[in-house]
Amino acid sequence: MGEREIVLEVDSLVRHFPVGGGLLSRRRGAVQAVDGVSFTLGRGETLGVVGESGCGKSTLARTIVGLDSPTSGHVRYRGVDVHAASGRELRAMRRSVQIVLQDPYTSLNPRKTVRDLLTQPFEIHPDVLPRDRRLSRVKELLDVVGLNPDHLDRYPFQFSGGQRQRIGIARALALEPEVVVCDEPVSALDVSVQAQVVNLLRRLQRELGLSYVFIAHDLSVVRHISDRVAVMYLGKVVELGDRREVYERPQHPYTRALLEAVPVPEPRGRASRARTLLAGDPPSPVDPPSGCRFRTRCPKAQSVCAETEPVLRIGSTPAAEVACHFPEQTPLARLGGA
Amino acid sequence: MNAPILRVDDLSVEFATREGAVRAVRNVGLEVFAGRTLALLGESGSGKSVTAQAIMGLLDTPPASITSGSIMFEGTDLVTAVERVRRQVNGEGVAMVFQDALSALNPVYTVGHQISELLRVRRKMSRSAARARAVELMERVRIPAAARRVDDYPHQFSGGMRQRIMIALAVALNPRVLIADEPTTALDVTVQAQIMELLTELQRENGMGMVLITHDLGVVAEVADDVTVMYAGRIVERGSVEELFEHAAHPYTRGLLRSMPRTDREDDELWAIPGAPPSPVLTPKGCAFHPRCDIAIDLCRSEQPGLEVIAAGRTSACHLRAEVFDGRA
Ligand SMILES: Nc1ncnc2c1ncn2[C@@H]1O[C@H](COP(=O)(O)OP(=O)(O)OP(=O)(O)O)[C@@H](O)[C@H]1O
Ligand SMILES: Nc1ncnc2c1ncn2[C@@H]1O[C@H](COP(=O)(O)OP(=O)(O)OP(=O)(O)O)[C@@H](O)[C@H]1O
Ligand code: SF4
Ligand code: SF4
Ligand SMILES: [Mg+2]
Ligand SMILES: [Mg+2]
Chain A
59 MGEREIVLEV DSLVRHFPVG GGLLSRRRGA VQAVDGVSFT LGRGETLGVV GESGCGKSTL
119 ARTIVGLDSP TSGHVRYRGV DVHAASGREL RAMRRSVQIV LQDPYTSLNP RKTVRDLLTQ
179 PFEIHPDVLP RDRRLSRVKE LLDVVGLNPD HLDRYPFQFS GGQRQRIGIA RALALEPEVV
239 VCDEPVSALD VSVQAQVVNL LRRLQRELGL SYVFIAHDLS VVRHISDRVA VMYLGKVVEL
299 GDRREVYERP QHPYTRALLE AVPVPEPRGR ASRARTLLAG DPPSPVDPPS GCRFRTRCPK
359 AQSVCAETEP VLRIGSTPAA EVACHFPEQT PLARLGGA
Chain B
543 MNAPILRVDD LSVEFATREG AVRAVRNVGL EVFAGRTLAL LGESGSGKSV TAQAIMGLLD
603 TPPASITSGS IMFEGTDLVT AVERVRRQVN GEGVAMVFQD ALSALNPVYT VGHQISELLR
663 VRRKMSRSAA RARAVELMER VRIPAAARRV DDYPHQFSGG MRQRIMIALA VALNPRVLIA
723 DEPTTALDVT VQAQIMELLT ELQRENGMGM VLITHDLGVV AEVADDVTVM YAGRIVERGS
783 VEELFEHAAH PYTRGLLRSM PRTDREDDEL WAIPGAPPSP VLTPKGCAFH PRCDIAIDLC
843 RSEQPGLEVI AAGRTSACHL RAEVFDGRA
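Protein sequence lines correspond, in order, to chains A and B.
The opening residue of the first sequence carries number 59 in the working numbering; numbering runs sequentially from there.
The opening residue of the second sequence carries number 543 in the working numbering; numbering runs sequentially from there.
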């Protein structure tokens, strides 16, 4: 690999949401949704992000694209601070960094036709393309994502879930962005449409040099699309590395637990198959455990884990970083489907 | 096997639209048995959610209309039942976890309020008992710090947490049948496994029957007893989960199983069924799958194949069902 051309830099990003105590309690706290996340994304690269529901993935996504503001820390797109930018810089950033939202049902305005939905980005950024060229560009976009340009005057509900998700992708691509943050772009789709969308995203990446932050619960999809994978737990990245390292030699006990929980797509013999499931409940993000946040559910926890917070650093191989006092060294025996 | 708790026969649903009638569900039949899980699989837009909404009586009529069929629950046809009966069945008889948790929860009330109101109205619980039970239900679906978050509004929860709150609401009245529309899509694998365990536990305790609508073939393989596959509004195949995964008897099912990505590989290109699903307004003549089917014959372009038995407990709607079933085509 040559020199990486960094397009996006996330630096010690923190986003806390204040919450009230109960009626009778005066105590107030904050949901520590994202708590010190850092990574870089190179041109043409895909970073997969996985982790428990509620660990802060969508908050991270929204903060990266500027839909939410950080409590502290920075996001830089080609060196420009996304949250400090204004005027021309802000407009350029808004255009170059796009998001595909988690929910295909609520993220498209039901009263707008596909034509409206896809021309809207050009109305917000009128300088990108003169008015008389917009329609042909919109048709081109539909073609790129594999939708029929004859369906321009249909409303979102007249499309299937997969088609709606492609409308969301077409919209994100309208202004020729450089970075696309995809929050669960395929989880509502059947596996065949899902495969089509993943193949489409990869083709666009090859052709246009796009970079993706790709958030998903489906660990197999993440493995297929990512160059590197970040595993989050309760607002923090606990492991970050090349996909093969993370999937075949996961070092963090949480990563291992996650991979071991992947259901095996093979009904016969399921009764005798013991799936090791993570014990215990996720702790409250309002007052997370001291030291290592995973310690309340970690089978390997020692007293040091409650005292000192492990920092994310290179473990047994330079291809992955891990935040654990006792990283695992052995390859994972069982992979879902193996 | 005993009689089904819920039995859907020949159900068809149409939507009136500007472009003509959308025949979203066509002659669908389903049987739900106590303590068993029926998985409903199919492409996006094949009519799974509309079928579920018809069972729950949630379709807006118009634009929707039920053009044929019956939905029998404990001797009552829910299609023709009066509003009072219908309301009684919902929640206690048949309950549903919606695919779209954010719009199913009311944004202006706290989640605790929404759960306790249900218990107050339907179970005549006192305010404090209902609130305590709401916290208990939230704990059961593993919302961390439930007692503290019971007064939060839906938008303050993550996508996955909202989905779990939906599940808490759906099981609050111990329904006889639970229809779960993508109950675990927004959940990571560990919480997903816990939720499926919780649902299976409820099934064991109360003999609850379950219809599980999901795209996750791994989850289907782990929990379903029977599988029904839909394509373009119709049922194309039925069978027990083991048999269907081992020998699909319909080319669509076969393509679906083949498209499944695997955690143990890094393919550059994922295999996908070529082409796009048909428009719900203009379904192709003959077999709706023929434009995408790699073994289609002339007959497929002119004649609609019926859903016919191929082996014990197995049915398929394909002219070449026998050949597909035993691997000759
Ligand atoms: N506006 C808000 N106010 C208060 N808390 C919030 C808000 N938005 C998110 N949170 C909290 O922040 C945490 C992280 O939420 P986020 O949506 O980022 O999770 P996620 O990783 O995307 O989860 P999922 O996989 O379920 O979508 C959760 O505890 C959530 O309840
Ligand atoms: N209000 C409506 N008006 C017109 N057509 C509709 C309406 N609601 C649903 N449809 C159509 O009915 C068909 C079936 O939709 P349904 O939501 O049941 O699909 P599904 O199988 O649940 O798909 P998914 O897996 O994407 O959730 C789709 O083609 C959809 O566009
Ligand atoms: S630091 Fe300790 S508690 Fe945390 S993951 Fe490592 S071993 Fe477990
Ligand atoms: S009926 Fe014909 S087109 Fe339809 S699935 Fe069977 S072989 Fe394919
Ligand atoms: Mg999310
Ligand atoms: Mg649906």
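Backbone N, C-alpha and C fix where the C-beta goes; we use that ideal spot for every residue, glycine too.
Computed from a predicted model, the values in this text were never measured in an experiment.
Neighbourhood of residue i by C-beta, 7 Å cutoff - its chain only, sequence neighbours within 5 removed
i: A:Pro368; result: Cys350, Ala381, Cys382 and His383
i: A:Pro179; result: Arg229, Ala232 and Leu233
i: A:Asp345; result: Gly87
i: A:Arg212; result: Thr171 and Val172
Residues near residue i by beta carbon distance below 6 Å, same chain, minus five either side
i: A:Asp208; result: none
i: A:Thr98; result: Ile64 and Glu67
i: A:Pro76; result: Ala88
i: B:Ile597; result: Ile613
Cβ of residue i within 7 Å of any chain B Cβ
i: A:Arg84; result: Its pLDDT being 49, under 50, A:Arg84 is placed unreliably in this model, and the value from its coordinates should be taken loosely. Not closer than 7 Å to any Cβ of chain B, the Cβ of A:Arg84 fails to qualify, so no.
i: A:Pro321; result: yes
i: A:His282; result: yes
i: A:Gln387; result: no
i: A:Arg326; result: yes
i: A:Gln254; result: yes
i: A:His275; result: yes
i: A:Ser111; result: yes
i: A:Asp201; result: no
i: A:Val279; result: yes
i: A:Gly220; result: yes
Contacts that residue i makes with chain B (C-beta to C-beta distance below 7 Å)
i: A:Val286; result: Note on identity: in this sequence residue 286 of chain A is Arg, with Val being the wrong assignment. Those do not exist, as A:Arg286 stays about 13 Å from chain B at its closest Cβ, beyond 7 Å.
Cβ-based neighbour list, residue i, same chain, cut-off 8 Å, excluding 5 preceding and 5 following
i: A:Gln254; result: Gly204 and Gly220
i: A:Leu175; result: Leu166, Asn167, Pro214, Ile225 and Arg229
i: B:Asn875; result: Coverage of chain B is limited to positions 543 through 871, which leaves residue 875 of chain B absent and any answer about it impossible.
i: B:Val823; result: Thr559, Glu561, Gly562, Ala563 and Val564
i: A:Ser83; result: Unreliable positioning characterises A:Ser83 in this predicted model, as indicated by a pLDDT of 48, which lies under 50. A coordinate reading is not provided.
Selected residue, minimal CA-CA separation from residue i, among the options
i: B:Leu754; options: B:Val555, B:Ile852 and B:Arg578; result: B:Arg578
i: A:Ala359; options: A:Tyr312, A:Gln223 and A:Glu63; result: A:Tyr312
i: A:Gly299; options: A:Ser284, A:Gly293 and A:Tyr291; result: A:Ser284
i: B:Ser658; options: B:Leu647, B:Pro649, B:Asn648 and B:Ala674; result: B:Ala674
i: B:Lys590; options: B:Ala576, B:Arg682 and B:Asp723; result: B:Asp723
i: A:Leu268; options: A:Thr104, A:Pro76, A:Arg62 and A:Arg73; result: A:Thr104
i: B:Ile608; options: B:Cys835, B:Val555, B:Arg664 and B:Val823; result: B:Val555
i: A:Ser330; options: A:Val322, A:Ala337 and A:Arg281; result: A:Val322
i: A:Glu318; options: A:Val186, A:Val304 and A:Glu181; result: A:Val304
i: B:Asp767; options: B:Met598, B:Tyr773 and B:Gln745; result: B:Gln745
i: B:Gly611; options: B:Val692, B:Ala596, B:Leu553 and B:Arg704; result: B:Leu553
i: B:Asp810; options: A:Ala315, A:Arg307, A:Val237 and A:Ser278; result: A:Ser278
i: A:Tyr135; options: A:Leu125, A:Glu147 and A:Arg307; result: A:Glu147
Contact with chain A by residue i, beta-carbon distance below 7 Å
i: B:Arg549; result: no
i: B:Ala687; result: yes
i: B:Arg578; result: no
i: B:Gly654; result: no
i: B:His757; result: yes
i: B:Glu808; result: yes
i: B:Leu740; result: no
i: B:Ser700; result: yes
i: B:Ala871; result: no
i: B:Leu729; result: yes
i: B:Met598; result: no
i: B:Phe787; result: yes
Interface residues of chain B facing residue i [CB-CB closer than 8 Å]
i: A:Ala315; result: Thr732
i: A:Ser361; result: The contacting residues do not exist; A:Ser361 stays about 24 Å from chain B at best.
Proximal chain A residues relative to residue i, where beta-carbon distance stays under 8 Å
i: B:Glu811; result: Asn257 and Arg260
i: B:Leu798; result: Asp248, Val249 and Ser250
Chain-ordered neighbours of residue i on chain B, where CB pairs are closer than 9 Å
i: A:Tyr305; result: Thr805, Asp806 and Glu808
i: A:Gln263; result: Those do not exist, as A:Gln263 stays about 12 Å from chain B at its closest Cβ, beyond 9 Å.
i: A:Val344; result: Pro686, Ala687, Arg690 and Arg691
Proximal chain A residues relative to residue i, where beta-carbon distance stays under 9 Å
i: B:Gly584; result: Asp248
For residue i: DSSP bridge partner residues
i: A:Pro76; result: A:Ala88
i: B:Met752; result: B:Thr579 and B:Leu720
i: B:Glu779; result: B:Val771 and B:Ser858
i: A:Cys240; result: A:Val158 and A:Phe272
Residue i: contacting residues in chain A (beta-carbon distance under 7 Å)
i: B:Ser801; result: Val249, Ser250 and Ala253
Open item on the list: Please identify, using Cβ separations under 7 Å, the residues of the stretch 754–785 of chain B that lie next to chain D, in order along the chain.
Closed with: This model lacks chain D altogether, as its protein chains are A and B.
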